[in-house]
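Below is one structure, written out as structure tokens; the observations come after it.
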Amino acid sequence: MAKIEIPKVYEAKQYEDKIYSAWEKSGFFNPDNLKGDPFAIMMPPPNVTGVLHLGHALENALMDCMARYQRMRGRKVLLVPGTDHAALPTQAKVEKMLMEKGMQNPRKELGREKLVEKIREFAEESRITILSQIKKMGTSCDWSRLAYTFDESRNRAVNELFCRLYKDGLIYRGYRVVNWSVKGQSTSSDDEIIFVERPAKLYTFKYSSDFPIAIATTRPETKLGDTAVAVHPSDARYSSYIGQVLTVDVGAAKPLQIKIIADEQVDPEFGTGALGVTPAHSAVDFAMYEKQKSKGEPIDLIPVIGPDGKMTKEAGEQYAGLSVEDARAKFVLWLRKQNLLMNEEDITQNVGTSDRYGDVIESLPMTQWWLDVKKEIPSKGKSLCDLMREAVTTGLDGDSSKKVILTPDRFTKLYLDRVDHLRDWCLSRQIWWGHRIPVWYRGDEIFVGIEPPTGEGWEQDSDTLDTWFSSGSWTFSTLGWPEKTKDLKTFHPTQWIQMGYEILYLWLMRMVLMSAYALDEIPFKDAYIHGMLRDQHGEKFSKSMGNGIDPIEVIDQYGSDALRISLLIGISPGNDSRYYTEKIESGRNFVNKLWNISRFVLTSTDMLSPELVEGVKSQTLADRWIFSRFATVTKEVTDHLEKYEFSQAGEKLRDFTWNEFADWYLEIAKIQFQDTNYQLPTINCLHFLLRNLLILWHPFMSFVTEVIWKNLSQDLLIVQPWPSEKLKYIDSNAEQDFSRVQQLIISIRNIRAQYKVRPDKKVDIRLQSSDKKVRQLLQENITIIKTLARVNDIEITNEIAEPQSGCALVALEKIIIHVMLPNEDLESERERIEKECQNLEVYIQTTETKLENKEFVSKAPVHIVETMQSKLQEAKEKFETICIQSKK
RNA sequence: GGACGUUUAGCUCAGCUGGUUAGAGCGUCUCGUUUACACCGAGAAGGUCGCAGGUUCGAAUCCUGCAACGUCCACCA
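Taking my numbering, the leading residue of the first sequence gets 975, the next gets one more, and so forth.
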């Protein structure tokens, strides 16, 4: 059989694309071609606002590692790929691009149809890029089930959900205060507001000179729409005024009717302890407005700011049409002139801004579509909030099999806190890129339905739905819901999902809500929450910082596997991690190491028949040792992966591969090749271990393992069965014995290095042990010791010999090593021994003290005490031989 | 104002339910062109585990307090 030619260096670029197509062609990405219990993972669909960044590379690494592991474990794995149309962010992005190209107002200039077309073009381009990037990352997803949050079947799911929720009375149309972006000319949800700190002025004033209560505000211009003053019910200063209505004229269109109301939420300590209530322009004040209404003591609501961000007619002639800032200045000036302004104070305040348009969010009253999260669902007797709470605590309906487990656990608490603070969700957006609200109007008539109504004159609501409304149904809309498909039955609820903590509220909660409502199911059993990827200084990656890194460039340079392994190792769930060049270089180095390990195994041995590999028989100590270690590591890696401890699994596997298999076993295999008795079994061991290592590594480094595998088998690695925990290989005697030999070799190397013995110079040694078994062990492994420690002559003896001059002395457990130094250096040898003796003395002393402590001996577990005793004994023996003997 | 996270070797981080003399990668130092690999090999140096208390026979690990950094939340108008 011809020898195999394998290049010295693994060039990832040459193989990756070919391997990916081979996988695709094989059909194993599609669970229909697999057997076993279903295991579904839904890919968090990347937004088509842009292309993938390093964070996505981390996500793909996590998902694909899990998918491949489960597939090899014999599960019917479905990983659904997809993208998100990201309604408002995408429209905002395209509008911005159009404006940069010179357009003033894209919506006006293009109109609905043309603008949507522009956005679609952009989105399609992004989608195509994203999908190809996912392939570059090696993600083993089922492309036949590719989904898009904005495609037809997802639209059907969205409409169906909307209609059901409407029929259950959970979706309603209401005139309420919304978060309004003037720049974006649209509402946004509470979750899409970013609070930024900025300096502001807190003005304290009275509405009129005879008004009994002063109020404080940072938004004086909104006070033109005040209809109440709220005080704390137990605030003695103001209690006598509660219930009174006072009329003031501050220059608004009509004199204001200010009612003094009591509200628990007012902080008597802040400002004057009285709050000017502007129901139209504050969510908090609006809540008071509603409270008053339900109490039967209504107050008015006067919008003084319009959707264009300008003051309205209600604000009064002199203010109408002014910008908020101008109106504020003018109103403050007026207050000052009237001598009503009592104080001006610089403070910092948190102001909400639109996450996409960046402008300050105005609170305005508008008629919008809302989802009531607190209202009882007729058929269930509980609210959507209740369902969300149940899903992570008791399980839905108290069924613990319907419980979502978050990893790490601490996110459960954050989730629950959030559920408690949830307010009704504003669903409608005044943008055009998105699922159009399935509601039609004709005069006063309203029609809500999946299909448009029949008859003349109906007009569909021009608004679209919040983008998260469609992503919320992702786990089941991707499986064909509302049809009762086979996929839905097989794969829902899904098993596992991963996502960053930044979308825990935005997405995870909404998926739980939708799934619990529509299917009475949780969307997934396990959610793994990962941290954010940051740059080397711990800064967020961002466009404006210019520190972005293109994952595809990294893959081009270092390979997909190197990127993957460097993202997976050294992370812990929920915590941020840093990305830097050294990390990926060491990933690349390891990939190459595995490549060269394989190169050695494959080129230095002829190809073997599979039968021979299966019938492997380990013979030597080294064989038994490496098999035992392999079995232990297999079990550890499996256990870690079962617990989603990717990093630890990878680390253990790397340590085994590099520090044990390559550094020790491979070197010993070279020695065993020299002996015809061991040659064949050694080759066999190498092949067996290589095969299994490739399997264990496959979830972490899919490409390179598959490339190497080609040399071993006709079949693809992707569906090879995961090695069962070959516990029969575990051999603690072999591990102990081998470790003795290792210690010995390391000690000799150590002495050689210390005394600068040239590498080509072999030394003579004498090994003394009173233990017959140990002497036998040394004798059996004498060739290994000679070769790896570069030793010429070894004398193994029972006799306690006087150390000769020019000889270094090292004591190991049950072995004393005499290394004959070619160049005598008595001075440094004495120093070395003295240092060693000091260490031993300290250790012996502290250990003896511990063991003399009766409480320790009586209370500590037996094995701890026993280990300590034997360690002490050993140390004492060492001390005896080295320190006392050498002093003679 | 709350909540959460982080603080371990020069750097980046592991260390699960408390138990051998605290680990890894990178970097540093010394030596090395041994036919798998210099994207390598051999060896070494380097840590009072943020601070102060407490619980315990025993604490990096559990409890309390404090500090620094970070993140999220909240209506301080």
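Just so you know, even glycine gets a beta-carbon here, dropped at the ideal spot from N, CA and C.
Being a predicted model, the structure only gives us computed values, none of them experimental.
- Contact check for T1341 against A1061 fails: the beta carbons are separated by 8 Å or more.
- Here D1165 carries a helix assignment [DSSP, helix/strand/coil].
- Within the same chain, and ignoring the five residues on either side of G1056 in sequence, the residues whose Cβ sits closer than 8 Å to its Cβ are M1016, M1017, P1019, L1120, A1121, Y1122, T1123, W1448, T1452.
- With contacts defined as CB atoms closer than 8 Å, W1407 and T1367 fail to qualify as a contacting pair.
- Secondary structure note for K1463: its alpha helix (DSSP H) is the uninterrupted segment 1460-1465.
- Here I1768 is actually not in contact with L1783; their C-beta atoms are around 16 Å apart, not less than 8 Å.
- Secondary structure of I1571 (DSSP, three-state): helix.
- Beta-bridge partners assigned by DSSP to P1173: T1322.
- When only Cα atoms are considered, I993 and F1674 end up about 15 Å apart.
- Under the rule that a run must span 4 or more residues, the alpha helix (DSSP H) segments found entirely inside the stretch 1336-1418 read 1358-1366, 1384-1394.
- Assignment of N1521 by DSSP, reduced to helix, strand and coil, places it in the coil class.
- Residues T1679, I1682, W1683, L1691 of the same chain have their beta carbon placed closer than 7 Å to that of L1668, with the five preceding and five following residues left out of the count.
- With fewer than 16 other Cβ atoms from the protein chains shown falling within 10 Å of its own Cβ, M1519 counts as exposed.
- If you look at Q1819, you'll find it in the alpha helix (DSSP H) that goes 1800-1826.
- Between the stretch 1168-1182 and the stretch 1338-1352 there are fewer than three inter-stretch CB-CB distances shorter than 8 Å, so the stretches are not counted as touching.
- G1431 and R1416 do touch by the CB rule: their CB atoms are close to 5 Å apart, below 8 Å.
- For F1712, the three-state secondary structure derived from DSSP is helix.
- In its chain, beyond the 5 residues on either side, I1015, W1470 have a beta carbon closer than 7 Å to the beta carbon of M1040.
- In the DSSP assignment, no residue is bridged to S1100.
- Rounded to whole angstroms, D1142 and G1270 show a C-alpha spacing of 27 Å.
- Distance from the Cα of L1718 is smallest, within the candidate group R1740, Y1729, P1733, for R1740.
- DSSP lists G1474 as the beta-bridge partner residues of H1504.
- Relative to Q1710, the option among I1543, L1541, R1603 whose CA is nearest is R1603.
- R1081 carries a helical assignment under DSSP once its states are collapsed to helix, strand and coil.
- In the three-state scheme derived from DSSP, where H, G and I count as helix and E and B as strand, G1056 is classed as strand.
- Looking only at H1672, V1051, L1309, A1202, the smallest Cα-Cα distance to T1464 is reached by V1051.
- Contact annotation: the stretch 1219-1227 touches the stretch 1275-1292, with at least three C-beta pairs closer than 8 Å.
- By the beta-carbon neighbour count (other beta carbons within 10 angstroms, threshold 16), E1803 is buried.
- Boundaries of the beta strand (DSSP E) around W1154: 1145-1155.
- Taking C-alpha positions only, V1334 is separated from D1398 by approximately 21 Å.
- Cβ-Cβ distances below 8 Å link W1632 to F1564, K1567 in the same chain, with the five nearest sequence neighbours on each side left out; the list follows chain order.
- Residue state for P1777 is assigned as coil, using DSSP reduced to three classes.
- Counting along the chain, N1755 sits inside no alpha helix (DSSP H), nor does DSSP assign it H or E at all.
- CA-to-CA, the gap between D1597 and I1756 works out to about 16 Å.
- Contact between Q1266 and I1276 does not hold, since the beta-carbon distance rounds to 14 Å and is not under 8 Å.
- Here DSSP, grouped into helix, strand and coil, assigns S1328 to strand.
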